[in-house]
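J.:
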Amino acid sequence: MGEQQDPSADEVGCKLISLNIEFSGGLEMLFSNQRSHRIQIPVKDSSEQPANVGFLVRHLCENLMKDKRKDLFVLEDRIRPGILVLINDADWELEGEEEYLIQDGDTILFVSTLHGG
Amino acid sequence: MGEQQDPSADEVGCKLISLNIEFSGGLEMLFSNQRSHRIQIPVKDSSEQPANVGFLVRHLCENLMKDKRKDLFVLEDRIRPGILVLINDADWELEGEEEYLIQDGDTILFVSTLHGG
Amino acid sequence: ANKSEVKLSLEEYKRYGRQMILPEIGIEGQMSLKRSRVLIVGVGGLGCPAAAYLAGAGVGTLGVIDHDTVENSNLHRQIIHSTSRVGAPKVVSAITYLRDLNPHPNYVPHVEPLTTENALQIMAEYDLVLDCTDHPAIRYLINDVAVVMNIPIVSASALRTDGQLIVLNNPPGVGPCYRCVWPRPPPAESVVGCGEGGILGPVVGLMGIMQAIEAIKIITKNPARDIGRTTMTLFAAYGASPFRCLKMRGKKAGCVACGSPERVGEKITREGIEDGRMDYVAFCGGRAGMREL
Amino acid sequence: ANKSEVKLSLEEYKRYGRQMILPEIGIEGQMSLKRSRVLIVGVGGLGCPAAAYLAGAGVGTLGVIDHDTVENSNLHRQIIHSTSRVGAPKVVSAITYLRDLNPHPNYVPHVEPLTTENALQIMAEYDLVLDCTDHPAIRYLINDVAVVMNIPIVSASALRTDGQLIVLNNPPGVGPCYRCVWPRPPPAESVVGCGEGGILGPVVGLMGIMQAIEAIKIITKNPARDIGRTTMTLFAAYGASPFRCLKMRGKKAGCVACGSPERVGEKITREGIEDGRMDYVAFCGGRAGMREL
Ligand SMILES: [Zn+2]
Ligand SMILES: [Zn+2]
């Protein structure tokens with residue numbers, strides 16, 4: 002499990018939220034071949050808006066994704082077609098998609114749809 | 002789901018704990034053919050001891066079990082051999098068996114071991 | 031659905047006894063199974079166990095469509111084929127096996143690919159379709175025809191050591207369809223097949239068996255259909271918690287297949303499929319005009 | 031374990047290619063599979079799919095033990111038998127199928143019940159045992175012999191629409207054994223078989239396939255064994271959340287089979303099993319002296 006920063010960090014402008022990030026269906030191969038990551042992100046994005054899933058996705062691309070093939074995860078600044086996003090095991094469409102405001106302790110799962118048989 | 006009593010009941014001597022009780026492997030047939038029950042039990046037993054799993058088992062026998070064949074669930078005042086008890090999905094042996102003190106919101110699962118193949 | 035009267039012979043009572051005594055099935059359920067007509071599209075890693083257990087359970091009509099032939103490299107996972115049938119059409123090989131497992135069902139062989147030309151005609155003969163295929167293009171085709179025909183889809187897929195299962199268009203017009211969940215196809219370069227990615231045999235087998243279980247539940251209408259509760263099951267053989275049950279979105283009002291899209295011209299129709307306006311291969315990023323799915 | 035050198039023929043490379051390209055298997059894993067010797071006890075609803083996928087995967091030696099013959103009422107779930115083989119010993123029927131699926135493994139037929147007299151001698155030839163049986167008495171026998179022989183057990187069971195799976199004595203001497211989890215047998219009147227209780231075919235099939243997956247993981251040592259993390263998987267086809275992963279107890283210091291019981295005389299030994307001191311049928315509430323399990 003990759004841990005980042007001190008969970009008690011609570012200085013001005015650097016309050017953090019702890020999250021479980023999970024990858025499935027092959028996406029884990031883009032993220033150090035690791036299915037489960039425990040990470041922390043700032044409670045607010047650079048424009049002082051509360052962190053939402055859109056911000057999280059950018060954060061993952063910039064900080065957690067080591068693979069260069071960003072377009073296997075994000076296309077035109079959005080999650081690429083064929084990837085499902087689950088917020089605490091519920092389809093993100095039920096939760097507001099990119100606009101969902103991340104809560105401390107949330108589990109966000111990214112699933113690449115499989116087609117083999 | 003069977004509901005009993007008011008969750009806010011908080012009179013002297015009648016504070017209640019809410020629990021999820023689940024049955025699997027055929028045990029559900031002894032409990033109205035229902036796999037999942039949401040029940041409430043007193044926080045303390047009749048001798049003013051905090052409710053533990055031993056007390057819960059007696060409570061289930063007396064209150065939730067409609068089937069007359071008590072010995073398919075309890076033998077000599079203990080869970081009969083062949084039934085596993087899981088406290089929040091962990092073997093009750095890891096949690097202190099009958100002595101485990103029940104917490105509000107716990108899920109207690111009773112599994113009858115299967116032998117067919 | 032074919033609502034004609036069916037009867038069970040003494041031999042069938044004996045054969046199905048162990049499942050008929052289940053309250054979830056019963057005699058009524060067994061009759062429903064015998065009345066049902068199920069199409070299995072693709073008799074590979076998913077279709078093999080799905081076909082075996084549905085034939086075993088006594089589905090009345092079992093159609094199997096595949097244009098492939100049995101290869102040696104299939105046999106670690108495609109367990110109703112055999113070494114002695116390498117080179118034979120998979121459909122023929124499958125039915126050889128199935129008929130010896132249970133002679134009672136009516137087996138319908140379709141030794142051809144499912145295409146925009148034949149899909150409507152073929153799927154019109156069935157009440158339920160199992161999507162056991164291996165490419166997004168054919169998955170969209172199966173979806174669009176199943177929506178037009180009002181039949182539910184039990185869809186599964188597997189790759190490497192992972193599997194996914196979802197029941198779509200169930201009940202027809204109520205549950206989400208494949209396009210509700212995946213409105214846009216994945217970029218062609220992100221699609222990996224079992225040939226390139228590899229596949230662990232019992233992983234795809236597990237997903238195929240789960241399709242058989244879901245098919246039996248739909249056919250016997252038990253549980254009575256929960257409207258709008260669609261879940262997707264993930265399996266990861268090497269995951270810390272191998273099974274995961276995800277709560278999925280419902281039917282989308284604007285879906286081009288099962289809904290009413292804002293631009294009426296986008297609505298997928300029987301005619302649009304039949305006259306070749308829908309190019310599934312191009313839609314999924316393949317060469318336009320290629321019909322082979 | 032048999033550590034002799036094995037080689038893969040070109041035909042085997044082709045046949046197993048789709049699983050060998052998985053990083054979880056690889057050439058090393060395929061060699062381990064070929065070197066492994068697996069015993070399947072009971073070739074019924076669990077043993078059929080377990081045997082099919084393990085044979086498909088290229089296990090080197092696959093032993094099958096069962097004293098039963100194929101019946102019509104088996105075929106809705108025992109999918110490697112067939113109507114034309116009704117009346118044949120299940121072991122013979124199974125190996126007929128398995129050899130045509132994959133001719134490479136060495137199949138060892140044992141057309142007899144597993145008993146206190148033959149269990150030690152038979153199980154000595156294997157590195158891993160799959161408990162695909164249907165009665166607690168034989169489950170205790172398999173356990174005790176596997177503990178004495180230092181081999182892991184992949185144990186599954188199914189009834190009606192539910193299934194259970196647990197890996198025991200893995201690694202040998204470290205993980206809990208059957209008696210650690212179930213020190214006392216269930217009262218005889220609480221034991222229900224598939225004949226009385228019924229069984230949905232693909233439910234027991236699912237459990238058998240899961241046994242094959244666990245067996246492959248153990249044989250290929252991937253993941254490297256987590257010491258003391260034993261889980262039990264529950265499946266309920268009609269449950270609200272069909273799969274459940276339970277965290278189980280570890281090995282018990284005082285276990286009469288795998289531990290050091292306080293009363294030394296209680297310790298189960300090779301000699302105790304061989305000379306008939308252990309009466310498994312009586313232990314499980316059956317008629318004492320009855321040897322048929
Ligand atoms: Zn739709
Ligand atoms: Zn033990």
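For the record, the sequence lines run as chains A, B, C and D.
Numbering-wise (the numbering used here), the first sequence opens with residue 2 and increments by one.
Numbering-wise (the numbering used here), the second sequence opens with residue 2 and increments by one.
Numbering-wise (the numbering used here), the third sequence opens with residue 31 and increments by one.
Numbering-wise (the numbering used here), the fourth sequence opens with residue 31 and increments by one.
Note that the Cβ used here is the ideal one computed from N, Cα and C, for glycine as well.
1. Would you verify that the beta carbon of D:S187 is, or is not, closer than 8 Å to some beta carbon of chain B?
2. Going along chain B in order, which residues have a C-beta closer than 7 Å to the C-beta of D:M278?
3. Using a cut-off of 7 Å between C-beta atoms, extract the partners of D:G86 located in chain C.
4. Between the alpha carbons of B:L28 and A:E99, how many angstroms are there, rounded?
5. Should D:I109 be labelled buried (16 or more other beta-carbon atoms within 10 Å of its own) or exposed?
6. For D:N327, which of C:A254, C:P253, C:A245, C:A270 has the nearest alpha-carbon?
7. Rounded to whole angstroms, what is the Cα-Cα separation between B:A52 and D:P215?
8. With a CB to CB cut of under 7 Å and the five nearest residues on each side skipped, what residues in its chain are close to D:G72?
9. Using the beta-carbon count (16 or more within 10 Å), is A:D72 buried or exposed?
10. Within the same chain, show all residues whose beta-carbon is closer than 8 Å to that of C:L150, passing over the 5 residues directly before and after it, in chain order.
11. For C:R115, does the count of other Cβ atoms within 10 angstroms reach 16, so buried, or fall short, so exposed?
12. Here's the rule: buried if 16 or more other CB atoms are within 10 angstroms of the residue's CB, otherwise exposed. What is C:I172?
13. Which runs of the beta strand (DSSP E) spanning at least 3 residues fall entirely within the region 22-69 of chain A, listed in chain order?
14. Just how far apart, CA to CA, sit C:K247 and D:Q241?
15. Measure the CB-CB distance between C:V221 and A:H116 and report whether it falls below 8 Å.
16. Would you give the residue range spanned by the alpha helix (DSSP H) that A:F74 belongs to?
17. Checking contacts by CB at 8 Å: is C:G306 closer than that to chain A?
18. Short of 7 Å in beta carbon distance, which residues of its chain neighbour D:H106, apart from the five on each side in sequence? Order them along the chain.
19. For the beta strand (DSSP E) holding C:L158, just list the boundary residues, first then last.
20. Do you know offhand how far D:I298's Cα is from D:P217's?
21. If you reduce the DSSP assignment to three classes, tell me which class C:Q194 lands in.
22. From the DSSP output, read off the bridge partner residues of C:H140.
23. For the beta strand (DSSP E) containing B:I109, list its first residue and its last residue.
24. Looking at C-alpha atoms only, which residue of B:R36, B:D90, B:K67 is the closest neighbour of B:D107?
25. Along chain D, in chain order, which residues have C-beta atoms closer than 7 Å to that of B:L87?
26. Grouping DSSP H, G and I as helix and E and B as strand, with all else coil, what is C:A188?
27. Along the region 103-115 of chain A, where does the CB come closer than 8 Å to a CB of chain C? Name the residues.
28. Verify the CB distance criterion: does D:F313 have a CB-CB separation below 8 Å to chain C?
29. Tell me, please, whether the region 135-148 of chain C touches the region 37-54 of chain C by the rule of three or more beta-carbon pairs shorter than 8 Å.
30. Using a Cβ cut-off of 9 Å, pull out every chain D residue sitting near B:P82, in sequence order please.
31. Let me check understanding here. Comparing Cα to Cα, which of D:G289, D:I55, D:M61, D:I51 lies closest to D:S39?
32. Within the 8 Å Cβ cut-off, does D:Q49 reach chain C?
33. Say the cut is 7 Å; is the CB of D:K282 nearer than that to a heavy atom of ligand 2?
34. Does D:E226 pass the burial test, meaning 16 or more other C-beta atoms within 10 Å, or should it be called exposed?
35. Does any residue of chain B bring its CB to less than 8 Å from the CB of D:E171?
36. List, in order along the chain, the chain C residues whose C-beta lies closer than 9 Å to that of D:L52?
T.: Inspection of the coordinates gives the following:
1. Reading the fourth sequence from its first residue, position 157 is the one you call residue 187 of chain D. Yes, because at least one Cβ of chain B sits closer than 8 Å to the Cβ of D:S187.
2. For the purposes of this step, residue 278 of chain D is taken as residue 248 along the fourth sequence, with counting starting at 1. Going along chain B in sequence order, the residues near D:M278 (Cβ under 7 Å) are D92.
3. For the purposes of this step, residue 86 of chain D is taken as the residue at position 56 of the fourth sequence. Those are L105, H106, R107, I109, G231, listed as they occur along chain C.
4. Taking the second sequence and counting its residues from 1, one reaches residue 28 of chain B at position 27. Taking the first sequence and counting its residues from 1, one reaches residue 99 of chain A at position 98. About 44 Å.
5. Translated into positions along the fourth sequence, residue 109 of chain D becomes position 79. D:I109 comes out buried.
6. Outside the modelled stretch of chain D, which goes from 31 to 323, sits residue 327 of chain D, for which no answer is possible.
7. For this step, residue 52 of chain B is matched to residue 51 along the second sequence. For this step, residue 215 of chain D is matched to residue 185 along the fourth sequence. Using only the alpha carbons, I get a separation of about 29 Å.
8. To locate residue 72 of chain D, count along the fourth sequence from 1; it is residue 42. Closer than 7 Å at the Cβ level, and outside the excluded window around D:G72, lie D96, C162, T163, D164.
9. Along the first sequence, read from residue 1 onward, the residue named residue 72 of chain A stands at position 71. A:D72 is exposed by the Cβ-count criterion.
10. Position 120 of the third sequence, counted from the first residue, corresponds to residue 150 of chain C. Result list for C:L150: V175, V178, M179, R300, I303, E304, in chain order.
11. On the third sequence, position 85 is the one that residue 115 of chain C refers to. Classification of C:R115: buried, given that the 10 Å Cβ count is 16 or more.
12. Your numbering for residue 172 of chain C matches position 142 in the third sequence. With 16 or more other Cβ atoms within 10 Å, it is buried.
13. 37-43
14. Within the third sequence, residue 247 of chain C is the residue found at index 217, counting from 1. Within the fourth sequence, residue 241 of chain D is the residue found at index 211, counting from 1. If I take the Cα positions, the gap works out to 24 Å.
15. Residue numbering aside, residue 221 of chain C sits at position 191 when the third sequence is read from its first letter. Residue numbering aside, residue 116 of chain A sits at position 115 when the first sequence is read from its first letter. In this structure, A:H116 lies closer than 8 Å to C:V221 by Cβ.
16. Your numbering for residue 74 of chain A matches position 73 in the first sequence. Unbroken run through A:F74: none, as it is neither H nor E.
17. Residue mapping note: residue 306 of chain C aligns to position 276 of the third sequence, counting from 1. Chain A, which has no Cβ nearer than 8 Å to the Cβ of C:G306, makes this no.
18. Working through the fourth sequence from its first residue, we reach residue 106 of chain D at position 76. Counting only Cβ-Cβ distances below 7 Å, and skipping sequence neighbours, we find G231.
19. Within the third sequence, numbered from 1, the residue matching residue 158 of chain C stands at position 128. Start and end: 158-161.
20. As a working mapping, residue 298 of chain D is identified with position 268 in the fourth sequence. As a working mapping, residue 217 of chain D is identified with position 187 in the fourth sequence. Going by C-alpha positions, D:I298 is about 21 Å away from D:P217.
21. One-based indexing of the third sequence puts residue 194 of chain C at position 164. It is a strand residue.
22. Start at 1 with the first residue of the third sequence, and residue 140 of chain C comes out as number 110. Beta-bridge pairing links C:H140 to C:I95.
23. In the second sequence, residue 109 of chain B corresponds to position 108, counting from 1. Here the beta strand (DSSP E) through B:I109 covers 108-113.
24. Indexing the second sequence from 1 puts residue 107 of chain B at position 106. That would be B:D90, whose Cα lies nearest to the Cα of B:D107.
25. What you label residue 87 of chain B is simply residue 86 of the second sequence in a count that begins at 1. The contacting residues are L276.
26. Along the third sequence, one-based indexing puts residue 188 of chain C at 158. Residue state, collapsed to three classes: strand.
27. Those residues of the region 103-115 of chain A that come within reach of chain C (Cβ to Cβ, closer than 8 Å) are L110, V112, S113, T114, L115.
28. To locate residue 313 of chain D, count along the fourth sequence from 1; it is residue 283. No, its Cβ sits nowhere closer than 8 Å to a Cβ of chain C.
29. A contact is defined here as three or more CB-CB pairs under 8 Å, and the region 135-148 of chain C fails this definition with respect to the region 37-54 of chain C.
30. Translated into the one-based positions of the second sequence, residue 82 of chain B becomes position 81. Neighbours of B:P82 on chain D, chain order: W212, P213, R214, P215, P216, P217, S220.
31. For the purposes of this step, residue 39 of chain D is identified with residue 9 of the fourth sequence, where counting begins at 1. Of D:G289, D:I55, D:M61, D:I51, the residue nearest in Cα terms is D:M61.
32. For the purposes of this step, residue 49 of chain D is taken as the residue at position 19 of the fourth sequence. Yes - at least one Cβ of chain C is within 8 Å of the one on D:Q49.
33. Within the fourth sequence, the letter at position 252 stands for residue 282 of chain D. Yes, Cβ of D:K282 sits closer than 7 Å to a heavy atom of ligand 2.
34. The sequence position of residue 226 of chain D within the fourth sequence is 196, counting from 1. Answer is exposed; the Cβ neighbour count stays below 16.
35. Locating residue 171 of chain D in the fourth sequence gives position 141, where the first residue counts as 1. The sequence given here has Leu at residue 171 of chain D, not Glu. By this cut-off, D:L171 is not an interface position.
36. Reading the fourth sequence from its first residue, position 22 is the one you call residue 52 of chain D. Those within 9 Å of D:L52 in chain C are R190, T191, G227, G228, I229, L230.
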